[in-house]
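Structure first, commentary second.
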Amino acid sequence: MASRYHEVYAAWKADPEGFWAEAARAIDWVKPWDKVFDPATGVYGRWFVGAECNTCFNALDRHVAGGRADQVALIHDSAITGTIRKFTYAEVKREVVALASVLKNQGVGKGDRVIIYMPMVPEAAFAMLACARLGAVHSVVFGGFAARELATRIDDAAPKVIVSASCGLEPGRVVAYKPLLDGAIEMARHKPRRCIILQREQQRCELIEGRDLDYADQVARERAAGANVDCVPVAATDPLYVLYTSGTTGQPKGVVRDNGGHMVALKWTMQNEFGVEPGEVFWAASDVGWVVGHSYIVYAPLLHGCTTVLFEGKPVGTPDAGTYWRVIAEHGVAALFTAPTAFRAIKGQDPQGALVSKYDLSGFRTLFLAGERADPPTLEWAEDKLKVPVIDHWWQTETGHPITQNPVGLGMLPVKYGSPGVPMPGFDVRVLDDAGHPVPTGTLGNVVLKLPLPPGCLPTLWNADQRFRDAYLAEFPGHYKTADAGLVDEDGYLFIMARTDDIINVAGHRLSTGGMEEVLAEHADVAECAVIGMADAMKGQVPCGFVVLNAGVARDPAEIEREIVALVRERIGAVAALRLVLVIKRLPKTRSGKILRATMQKIADSEPWTMPATIDDPAILDEIAAALASRGVGRAQA
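Using the UniProt record's numbering, the letters of the sequence shown map in sequence onto residues 1 to 638.
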């Protein structure tokens, strides 16, 4: 069908308040708003001022009352334990009401904070929704996060209760959570009143008398007693959750998400951007500890009346590179949202896509990629093997939903490899130079968003309005700084080339490491890659490439390295000055799949570095340091 995108985007631009007021009709409100948008409220204005609502009611209660009580709401598929659990909307509501009663009994009420420190289990989603039901503010911290990092978040959020689990599961190992939680509470100045602990059979833990409660016992007791906790009305502008951005050290940066605008924006994206109908199965292969898990595992699918998949496993190794295809086939997934990193890992293990043919993917319509730049070779590989549209899109923890997208529900636009699409309604994307002036079409610059930000985006940081202004709004007045560098082409497509600190200056030439990575990824033997800028006495900076080869490649790494250097010279030119390429076994990543380029750069530049709290496997950085040292570059200093 012809795309309605340009018509819809123009309608938003002509009347932003009318556009979002119309979108808000899809949400049930306790009290309507006094103003759709009030520029005089908050740091840059607030949406749906004066309205009252409840997010849990919109995600569960209205569906149970409206005919979806027996529809499956949540599928928990644990590829690690080999178990599958399914919960209807009525069953999810029953679990959430019982847990809300437990929390209420511990004094949790409107505005109180609850930290959720859990693995990928249904109870993590139930805890989020139970907080929303009570009007409490949840802060999910990635399960297994280091004790010191958890302690800083406990001190910043000051939770009344922490909901956690005895352990998390990784391929081949069990991660004990309780010692990390106990250590964090010991370090923290703020002490929670209670900890509610889910005991997992893979590793149970000791409970501290007087502080710790058993999750299953408490919930069972409330369920048996017929607990009935009504949804507490909150202001649309009240916080639903605080999510600390990944990789923060020292004083954490808590992104605030409100209730009303969040629901309006997410509900709108499901149909219009992701092209998913109520009742269909939507799978975001992320973690509830990250923003994708909040927006597109828990809230958006349930607000829209979909079935959501909560997956405990990895794209490879649980048990093989076909596990995603099994989940899609077994549960009838219509659309999958995951990170390009996952597909690079799958492609590296199964370059020919042999495992795809083992599963019936006839009901699968669309693959969405976000979280890292979707390099064209990976995107083309996925298109070729899956025979469905592959849509790259771009957003941030701070925005909560896509800034740019190819809006499947409005009718797809042509796909441009390397671009995460066009701006979505609500986002006026500009590209400015360092002085704040617009750059010509096709020119690399600072990607910013003209204020105000749309519903669903952060109104501020937790207890830190001035820090929010300084970090995001001060550098380009009237605009939100994304800290990404990119360009917009003549058709309005955005190309995100790198974080602004990944633009390197080689002998006066501003070059994008992302652009170089695209060239590296074109090499037939390369599964994954990263490019960093290293300090150079002569040129200021020079690039250094790291490549992970496809499974089964037995060629001489030195030969591959020479070919890659020649490829970059051919595609970008001698100005790129790429001389050093290292073949390594793995790239260092956060648990959400982001490559730790800044840490790699510090190692290469012989600067002091600390182990990132979010790293998936700490041993990889030692391998990086050793590989660099073998070429006379950098030093290991943790």
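Using N, Cα and C, we set each Cβ at its ideal position, and we do this for glycine too.
Nothing here was measured: the structure is a model prediction, and the numbers come from that model.
- Taking 8 Å as the cut-off, the beta carbon of residue 80 is found no closer than this to the beta carbon of residue 338.
- Between residue 331 and the set 524, 488, 282 and 601, the nearest pair of CA atoms involves 282.
- Within its own chain, the residues whose Cβ lies closer than 8 Å to the Cβ of residue 233, once the five positions on either side in sequence are excluded, are 30, 31, 52, 53, 54 and 135, listed in chain order.
- In the three-state scheme derived from DSSP, where H, G and I count as helix and E and B as strand, residue 541 is classed as strand.
- In the three-state scheme derived from DSSP, where H, G and I count as helix and E and B as strand, residue 505 is classed as strand.
- Taking the C-beta atoms as reference points, residue 568 is found no nearer than 8 Å to residue 633.
- Sequence-distant partners of residue 94 (beyond 5 residues in either direction) whose C-beta falls short of 8 Å from its own C-beta, in its chain, are 223.
- Apart from sequence neighbours up to five positions away, the residues of its chain that approach residue 344 with a beta-carbon distance below 7 Å are 378, 527 and 528, ordered along the chain.
- Per the DSSP secondary-structure output, residue 446 pairs in a beta bridge with 432 and 485.
- Beta bridge pairing from DSSP links residue 308 with 74 and 282.
- Minimum Cα-Cα distance from residue 7 among the listed residues 83, 423 and 321 corresponds to 423.
- In the DSSP assignment, residue 580 falls within the beta strand (DSSP E) that extends over 580–583.
- Taking a contact to require three or more Cβ pairs closer than 8 Å, the stretch 67–80 and the stretch 298–308 qualify as touching.
- The C-beta separation of residue 321 from residue 352 comes to about 11 Å, leaving the pair out of contact by the 8 Å criterion.
- When the alpha-carbon of residue 259 is set against those of 273, 447, 299 and 220, the nearest one is in 299.
- Annotation for residue 564: 520, 523, 545, 547 and 581 place their beta carbon closer than 7 Å to its own, counting only its chain and skipping 5 residues before and after.
- Nearest in C-alpha terms to residue 209, of all of 194, 584, 221 and 203, is 194.
- Under the Cβ criterion (8 Å, minimum of three pairs), the stretch 404–421 does not count as touching the stretch 552–564.
- For the 8 Å CB-CB criterion, residue 303 and residue 23 do not form a contact.
- The stretch 161–169 and the stretch 263–282 do not touch, with fewer than three beta-carbon pairs separated by less than 8 Å.
- Counting along the chain, the unbroken alpha helix (DSSP H) around residue 180 starts and ends at 178–187.
- The residue from 591, 497, 211 and 455 with its alpha-carbon nearest to that of residue 20 is 455.
- For residue 137, the pairing in a beta bridge is given by DSSP as 113.
- Annotated three-state conformation of residue 269 is helix, per DSSP.
- In the structure shown, residue 104 falls within a helical segment according to DSSP collapsed to helix, strand and coil.
- The alpha-carbon of residue 498 is positioned some 17 Å away from that of residue 439.
- In this structure, the straight-line span from the alpha carbon of residue 97 to that of residue 87 is close to 14 Å.
- Leaving aside the five residues that flank residue 9 on each side, the residues in its chain whose CB is nearer than 8 Å to its CB run, in chain order, 422, 423, 424 and 425.
- For residue 128, same chain residues with a beta-carbon under 6 Å away, outside a window of 5 residues either side, are 138 and 298 in chain order.
- Ranked by Cα distance from residue 329, the options 363, 314 and 312 are led by 363.
- Counting the other Cβ atoms within 10 Å of the Cβ of residue 387 gives fewer than 16, which makes it exposed.
- Of 578, 285 and 61, the smallest CA-CA separation from residue 335 is found for 285.
- Exclusion of the five residues before and after residue 398 leaves 255, 457 and 458 as the residues of its chain whose Cβ lies within less than 7 Å of its Cβ.
- It is roughly 45 Å from the alpha-carbon of residue 47 to the alpha-carbon of residue 605.
- Segment contact: the stretch 110–124 against the stretch 33–41, fewer than three CB-CB distances shorter than 8 Å; contact not assigned.
- Taken through DSSP and simplified to helix, strand or coil, residue 437 comes out as coil.
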